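Residue numbers (the numbering used here), protein chains in the order written: chain L, 330 to 501; chain X, 158 to 427.
Here's the structure, in C-alpha cells; my notes come after.
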Amino acid sequence: MGSLWANNIKRFIILVLIQILILKRINIGWTDFNYIHFFIYPLFILLIPLKIQRPFLLIIAFFTGLIIDMFYDSPGLHSSSLVFMAFVRNYILKFLEPRDGYKIDITPTIYNFGFNWFLIYSSILVFLNIFWYFSVEAFSFQYFPDIILKTIFSFIFSEVLIVLYVIILNPK
Amino acid sequence: MRNPLVVNNKLYVFILFIILEIISFVLIINYNNKQKDIFLYSSNLFSGYINSKYTNLLQYFELKKINEKLKKDNAFILQQSFNKNPATVYDNKTEDTLLEKRFNIIPATVCNKSIDSRNNRMTLDKGSNDGIKKDMGVIDAHGLIGVVRKVNSDYASVVPLINTVSRISVLVKNKGYFGILEWEPYDYRRTKLTSIPKHANIERGDTIITSGFSTIFPKGILVGTIEEIQLIRGSNYYDIIVRLNNNLALAENVYIIENLKKDLKNEVEK
Chain L
330 MGSLWANNIK RFIILVLIQI LILKRINIGW TDFNYIHFFI YPLFILLIPL
380 KIQRPFLLII AFFTGLIIDM FYDSPGLHSS SLVFMAFVRN YILKFLEPRD
430 GYKIDITPTI YNFGFNWFLI YSSILVFLNI FWYFSVEAFS FQYFPDIILK
480 TIFSFIFSEV LIVLYVIILN PK
Chain X
158 MRNPLVVNNK LYVFILFIIL EIISFVLIIN YNNKQKDIFL YSSNLFSGYI
208 NSKYTNLLQY FELKKINEKL KKDNAFILQQ SFNKNPATVY DNKTEDTLLE
258 KRFNIIPATV CNKSIDSRNN RMTLDKGSND GIKKDMGVID AHGLIGVVRK
308 VNSDYASVVP LINTVSRISV LVKNKGYFGI LEWEPYDYRR TKLTSIPKHA
358 NIERGDTIIT SGFSTIFPKG ILVGTIEEIQ LIRGSNYYDI IVRLNNNLAL
408 AENVYIIENL KKDLKNEVEK
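The structure is reproduced here in C-alpha cells:
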C-alpha cells in the first residue's frame, strides 16, 4: 500500500522532470513545419491505480497540469487537458473492461493487461488529451487544420515515447 | 474481489470536472487577454531559478561554441557602430550634441523560451537590478527579437515578435513605406506585414527594418525580407509575408536597448 503511493510519487517526479527538462527543449521538424510536441506526463495519470476515488484523480490531474504549466508559461492549458483526460479515463476503462471485470487492487499496465490492451487504452486517452490541448490552445476552430495536424503528429511521437517508457521500465 | 463500479456516474464528479475546467479556462483567458498575469510565470522565482540553473549547466557544455558566437556578435555590432557613427568611436572628446549617447545597450542571456505556441514568450536572466524596465526593445546580432513586457528583480519576460499580441512598426528600406508587423501562428520564421497601401512600389526581396517611430527601437534594425506579396481583391492594402532574418529558435545572447531620450519624445508628443 505504502509502496504503491511511493511508486506513483517517484513516477510523477521522473515524468515531470523528463517533460520540463528534456522534452520541452526538443523541437523537431523542418524549418517551416513545426507540428511536433512531445508529451510524456499524461502517463502519470494513465498509470494511477484503478481504485482511486474519481474526485481525487481529477484534483491530482489538475495540479499536475498546473506544475507543467508553470514551466511552459501557459497557466491553465495543460491542467485543462489533463483534467479532461482524467475525467474520461473511467469511461474508457469501462469501454475496455474485460469480461470478468477489473480486480479492485490493480494498476492499468502492460504487466497486468497485456500489450495490446495497454496500447489501445493509452492511445485513446493520449489522443483525447492532445486534441483537447491544441484545441484550447488555439481557442477557436479557425485554425482547425493546424490543430488536426499538430494533434496527429504530436500524438504519434508522444505515444511512442509513452509505450517505450512502459516497455523499458515495465511498472507493475 | 471484483469491482463492477468502475464508472460511478455520480453527479458530483461531473460538477468537480466542470469546476476544474472553469478554473483552467479562467487562467487561460486571463493570460491571453492583457497580460494581467499574476500567476505562475517563469519570471516567478521558483521556475525561473530552476530554468536558469539548468541553462547554466547546459551552457557549460557549449562554452566553446558560445564564445565563438559571442565573438561574431560583438564583431557585427562593432562594425555597425563604426559604420554609423565613426566620430563616437574615434574621438571620445567630442561635445557635439548630435553625437550624444541616445541608446544604452544591456547584454542578457535567454533562459527560457517557447517558439511553437500561439503566445510565445521568452525569459531573460537580467531584471530591474540590471536596469531593465518595461517596454524596452530586445535584439540580437541577427535582428529584432521583441519587447520587454514584465520585469522583476532578476528576470525579464519578453513578448517576442512571434506572439499574436506583438505589434511592431516597420519600414520598407529605401522605399519609405511603413507598416505594422503582426504575427499569425504557427510559423516562427515568418510574419505578416500589414497597412502597406496597394499603390506602394514594393518587390519581393525588399528589406524590412524598424521604423524608429516608437521609442522602443532605434531606426534601421534589420527585421527580414519580403517573401510574398498578395493583394486581396477589394482591399486597399497588401498582404505581405516577411521572412525573418532572425531565427528565434537559436536566439541565445541578446541585447536590450534602453532609449535614453524616451521621456523627452513622449513629452513632446503628449
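The beta-carbon is built from N, C-alpha and C at its ideal position, and this holds for glycine as well.
This structure is a prediction, so every number in the text was calculated from the model and none was measured.
Classification of residue i by the beta-carbon crowding that lies within 10 angstroms, buried from 16 upward
| i | result |
| --- | --- |
| L344(L) | buried |
| K479(L) | buried |
| D429(L) | exposed |
| E466(L) | buried |
| I175(X) | exposed |
| V412(L) | buried |
| N190(X) | Residue placement at N190(X) cannot be trusted, given a pLDDT of 47 that sits under 50; what the coordinates show is reported in the next sentence. So N190(X) counts as exposed. |
Test: residue i CB closer than 7 Å to a CB of chain X
| i | result |
| --- | --- |
| V489(L) | no |
| P406(L) | The residue asked about is misnamed: residue 406(L) is Leu in this sequence, not Pro. Yes, its Cβ sits closer than 7 Å to a Cβ of chain X. |
| R383(L) | yes |
| S464(L) | no |
| V417(L) | no |
| S452(L) | no |
Per DSSP, cross-strand counterpart(s) of residue i
| i | result |
| --- | --- |
| E415(X) | N261(X) |
| A313(X) | L281(X), V308(X) |
| K339(L) | In DSSP, K339(L) forms no bridge with anything. |
| F335(X) | L328(X) |
| V267(X) | L281(X) |
| N320(X) | N276(X) |
| Y211(X) | Answer is none; Y211(X) lacks a bridge partner. |
| T367(X) | V327(X) |
| I383(X) | V399(X) |
| D297(X) | G300(X) |
Cβ of residue i within 7 Å of any chain L Cβ
| i | result |
| --- | --- |
| E219(X) | no |
| S204(X) | yes |
| I185(X) | yes |
| V246(X) | The predicted position of V246(X) is uncertain, since its pLDDT is 45 and thus under 50; a value taken from the coordinates is nonetheless stated next. No, no contact with chain L. |
| L177(X) | yes |
| R278(X) | yes |
| F370(X) | no |
Element boundaries [alpha helix (DSSP H), containing residue i]
| i | result |
| --- | --- |
| V489(L) | 473 to 498 |
| L350(X) | Careful: L350(X) lies outside any alpha helix (DSSP H), inside the beta strand (DSSP E) at 347 to 351. |
| E466(L) | 444 to 467 |
| Y401(L) | 383 to 401 |
| R418(L) | 406 to 424 |
| I374(L) | 371 to 375 |
Cβ contact check for the segment 349 to 366 of chain X and the segment 270 to 281 of chain X: 3 or more pairs under 8 Å
no
Per the contact definition of three or more C-beta pairs closer than 8 Å, is the segment 425 to 432 of chain L in contact with the segment 303 to 322 of chain X?
no
Quick test of the definition: if touching needs 3 or more C-beta pairs under 8 Å, does the segment 266 to 277 of chain X touch the segment 393 to 402 of chain X?
no
At least 3 beta-carbon pairs within less than 8 Å: the segment 431 to 442 of chain L vs the segment 391 to 405 of chain L:
no
Taking contact to mean at least 3 C-beta pairs separated by less than 8 Å, is the segment 410 to 424 of chain L in contact with the segment 215 to 225 of chain X?
no
Is it true that the segment 480 to 491 of chain L meets the segment 444 to 459 of chain L, where meeting means three or more beta-carbon pairs spaced less than 8 Å apart?
yes
Assess contact between the segment 371 to 378 of chain X and the segment 337 to 354 of chain X, defined as three or more Cβ pairs (one per stretch) separated by less than 8 Å. Is contact present?
no
Could you tell me whether the segment 377 to 392 of chain X touches the segment 400 to 420 of chain X, where touching means 3 or more Cβ pairs closer than 8 Å?
yes
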